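Chains as they are written, first to last, in the numbering used here: chain Z, 73 to 429; chain X, 73 to 429.
Now the structure itself:
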């Protein structure tokens, strides 16, 4: 999706009949046409070519497509592409300068190589679930498919870097990524601290914001609504909040005694609502803000100023989604073309192949 | 860091005397040399050029550097680079084909443009803190600097894409990103569902794994240790766990009655330890696994097989960190060069400028 946002022509190869399984994966029973809203969300601005990788004829057509492509990506389990004859070694014979990028769950060696590469399982194995939430909470997974997303961004980076190298040196590239390696890289700051200290990070008892940061870093409940407070010296915070008890803690104890300190702040903030505290804190130059859900965020002029929403699709198949976050030369990168129906581009692509062969 | 991992020569411009503030930002009081381990973690494989942007002479030298550069990036607040005379319009006069990329906190228009662009505050304003944790938990921030990291990956993507365009068309680019836009893009699946349904996502009462997914998706406590269970039909799960009570829930209620269903699973799993359940579930082909912290993960052969750790630095200034998650042509991208000391490369770079002017 991101490569298409940035201007690439992206052709999705799908099996005839059912297509990408994600077409049938509906969330909250939201559908757009014969495919789910979720499928449409992820597949804007792509073409669809239906081909059966179990049919020799179809594989031949896919090979002719690859012969003219700049980039091939896939995320089959190890061994599948070899079986179909579309692994890197085979594809390189058709197109020597191809950039070939593949994502596995856990790398292609070692005892986990055939485990299912599913986001929650990856979060669970990578240690990530011990970084969020409070001490007495069970491990807390990120409520967003972080392994899928972060590995996808790494793939885009690698593909783009390889294209630059090809421009310069005229050579292709074989790129390998895995969800697990991407999640470990994602935790690089915490992991490097762990490698050096040999101490597992501990979530604070209350208001955990980051396992390695001192009080007050975290989110706090007020008389009405929540606020977050980032890094600030305790004496400055004490003055800003008018909380004398806070001033009794020496700054050097801000990490060691963070549970106690956060409890004092919690208690103090109970007396007034969120806007009252945020106003006081911001006036004193403390990094603090309200905690919003999307309904609250959408009401803010600051949200409107971003113009972050775009309409994708046409006629009855329209929906609102976010746009690419990148602006180039002051222009937003918009992509109003909806996800394709299954095989929508077979005819066009077949003609292209036959006329330019 | 990622651009350096991928082969770019990266020169960090720092103020003389103190340098990048991150040099003094120590976590758990971990230092390597005169700079913190955290600074070293983020700045491997870069050069340092000390220059005072308040001095005209120094700005002139920086301009000469930029005249020869491919890319300039910065994350000053709106207005600062204009004041120094290093904004895009000024820099373009020195180097017409420059790729100039800047990150702000909240975009450059609207009432939030001067708010501090700090990770926790961005998480709090973007709605993200209502996606993780259980229903009765306060909003839960991600325990990793997700806004900083995800926006950094978008910057790398945009810069690489612009370099490709420059190769093709001979033109530069002005790239603008903000932490807030990147965090909204990061939530694109959930946000698109919200735009369409107008319903805020609700965290499940127990074992929340993803606000929009049905039971059993989540992490569960066992007699000893935790396990995670991803998407699976309730009847299949019932058989795999030997939990007849589960079979009483029709599949179509798996979202609506997820609190009840998860409670039943919770109760059932209390009787045996994690490996017992994972074994049973995996034998039935259910997507499930143990939940590890890093100490447990490090003991696994599967972790060793990834060879994810690298040693950075030399002599007494060595430390272990993760490597770039990308492999190209079956080679890991390693970067053993430590972060530079402040101004370490001034002399070399000055000579380069003078000999090639």
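Where a beta carbon is used, it is the ideal one built from N, C-alpha and C, also for glycine.
Computed from a predicted model, the values in this text were never measured in an experiment.
Strictly under 8 Å for the Cβ-Cβ distance: is residue 105/X near chain Z by that measure? No, because no Cβ of chain Z sits closer than 8 Å to the Cβ of residue 105/X.
Which residues bound the beta strand (DSSP E) around residue 361/X? If you look at residue 361/X, you'll find it in the beta strand (DSSP E) that goes 360-362.
Using a Cβ-Cβ cut-off of 8 Å, state whether residue 363/Z counts as contacting chain X. The beta carbon of residue 363/Z sits closer than 8 Å to some beta carbon of chain X.
Return the bridge partner residues of residue 173/Z from the DSSP annotation. For residue 173/Z, which the question treats as bridged, DSSP gives the partners 145/Z and 247/Z.
Residue 410/Z to residue 194/X span [Cα, whole Å]: Residue 410/Z and residue 194/X have their C-alpha atoms spaced approximately 30 Å apart.
Taking 8 Å as the limit between beta carbons, can you name the residues of its chain near residue 367/X, skipping five residues before and five after? Answer for residue 367/X: no residue qualifies.
Just the C-alpha distance for residue 183/Z and residue 175/Z, rounded to the nearest angstrom, thanks. When rounded, the distance between both Cα atoms is 17 Å.
At 4 residues or longer, what runs of the alpha helix (DSSP H) sit wholly inside the region 180-238 of chain X? Counting whole runs of 4 or more residues, the region 180-238 of chain X contains the alpha helix (DSSP H) stretches 191-197.
Using three-state DSSP, classify residue 254/Z as helix, strand or coil. Three-state DSSP puts residue 254/Z in a helix.
Please look up how many angstroms separate the CB atoms of residue 219/Z and residue 191/Z, rounded, as I've assumed it's under 8 Å. Rounded, the Cβ-Cβ distance is 5 Å, consistent with contact.
Does the Cβ of residue 273/Z have 16 or more other Cβ atoms within 10 Å, making it buried, or fewer, making it exposed? It is buried - the Cβ of residue 273/Z has at least 16 other Cβ atoms within 10 Å.
Where do the N-terminal and C-terminal ends of the beta strand (DSSP E) with residue 299/X fall, by residue? Per DSSP, the continuous beta strand (DSSP E) segment holding residue 299/X begins and ends at 298-301.
Own chain, CB closer than 8 Å to residue 280/X, minus 5 neighbours either side, in chain order: If you ignore the 5 residues before and after residue 280/X, its C-beta comes within less than 8 Å of the C-beta of 204, 205, 206, 207 and 290, all in its own chain and listed in chain order.
Given residue 407/Z as reference, the closest of 378/Z, 392/Z and 199/Z once Cα atoms are compared: Taking only the C-alpha atoms, the option nearest residue 407/Z is 392/Z.
Close Cβ partners of residue 331/X (< 7 Å) along its chain, the five nearest in sequence each way excluded: Its chain contains 276, 277 and 278 as the residues whose beta carbon lies nearer than 7 Å to that of residue 331/X, once the 5 sequence neighbours on both sides are disregarded; these appear in chain order.
Quick one: any contact between the region 211-228 of chain X and the region 248-259 of chain X, if contact means 3 or more CB pairs under 8 Å? When C-beta atoms of the region 211-228 of chain X are compared with those of the region 248-259 of chain X, three or more pairs fall below 8 Å, so the two segments count as touching.
Should residue 309/X and residue 288/X be called a contact, given that it needs their Cβ atoms to be closer than 8 Å? Annotated as proximal: residue 309/X and residue 288/X, with beta-carbon spacing under 8 Å.
To the nearest angstrom, how far is it from the Cα of residue 98/Z to the Cα of residue 286/X? Take the alpha-carbon of residue 98/Z and the one of residue 286/X: they are about 11 Å apart.
Between the region 311-321 of chain Z and the region 331-350 of chain Z, do three or more beta carbon pairs fall short of 8 Å? Yes, since at least three Cβ pairs between the region 311-321 of chain Z and the region 331-350 of chain Z fall closer than 8 Å, the two stretches touch.
Quick check: the region 230-243 of chain Z against the region 87-96 of chain Z, are there 3 or more CB pairs under 8 Å? As far as the Cβ criterion goes, the region 230-243 of chain Z does not touch the region 87-96 of chain Z, which means the pair count is below three.
Whose C-alpha, out of 201/X, 329/X, 212/X and 390/X, is nearest the C-alpha of residue 102/X? Residue 102/X has its Cα closest to that of 390/X, out of 201/X, 329/X, 212/X and 390/X.
Residue 85/X in three-state terms, based on DSSP: Assignment of residue 85/X by DSSP, reduced to helix, strand and coil, places it in the strand class.
Assess, as a yes-or-no matter, whether the region 414-422 of chain Z is touched by the region 105-125 of chain Z under the definition of 3 or more beta carbon pairs within less than 8 Å. Yes, they touch.
Is it a yes or a no for the region 153-165 of chain Z touching the region 129-142 of chain Z, going by three-plus beta-carbon pairs under 8 Å? Yes, they touch.
Straight-line Cα distance separating residue 108/X from residue 268/Z: In this structure, the straight-line span from the alpha carbon of residue 268/Z to that of residue 108/X is close to 12 Å.
Within 8 Å of any Cβ in chain X, is that where the Cβ of residue 184/Z sits? So yes, residue 184/Z belongs to the interface.
Pop quiz: residue 236/X and residue 341/Z are said to be a contact at Cβ under 8 Å. What is the actual Cβ separation, rounded to whole angstroms? Rounded, the Cβ-Cβ distance is 50 Å, inconsistent with contact.
Distance, residue 113/X Cα to residue 283/Z Cα: A straight line joining the alpha-carbon of residue 283/Z with that of residue 113/X spans about 17 Å.
Per-residue burial, residue 187/X [other beta carbons within 10 Å of its own, 16 or more giving buried]: With a threshold of 16 other beta carbon atoms within 10 Å, residue 187/X meets it and is buried.
How many whole angstroms separate the CB atoms of residue 249/X and residue 230/X, which I take to be in contact at a CB cut-off of 8 Å? Going by Cβ atoms, the distance from residue 249/X to residue 230/X rounds to 7 Å, so yes, they are a contact pair.
So which residues on chain X does residue 430/Z lean against when the C-beta distance must stay under 8 Å? In the structure displayed, chain Z extends from 73 to 429; residue 430/Z sits before or after that span and is not available.
Is it true that the CB of residue 83/Z sits closer than 8 Å to the CB of residue 333/Z? No; because the gap between Cβ atoms is not below 8 Å, this pair is not in contact.
For residue 374/X, report the span of its alpha helix (DSSP H) as first-last. Taken as a continuous stretch (DSSP letters only), the alpha helix (DSSP H) holding residue 374/X covers 373-378.
DSSP three-state assignment for residue 422/Z, whether helix, strand or coil: Here residue 422/Z sits in helix by DSSP.
Any chance you could list the alpha helix (DSSP H) runs of at least 4 consecutive residues sitting entirely within the region 86-120 of chain Z, in chain order? With a minimum length of 4 residues, the continuous alpha helix (DSSP H) runs that stay inside the region 86-120 of chain Z are 109-114.
Looking at the C-beta of residue 263/Z, does it have a partner C-beta in chain X at a distance below 8 Å? In terms of beta-carbon proximity, residue 263/Z lines the interface with chain X, with at least one pair separated by less than 8 Å.
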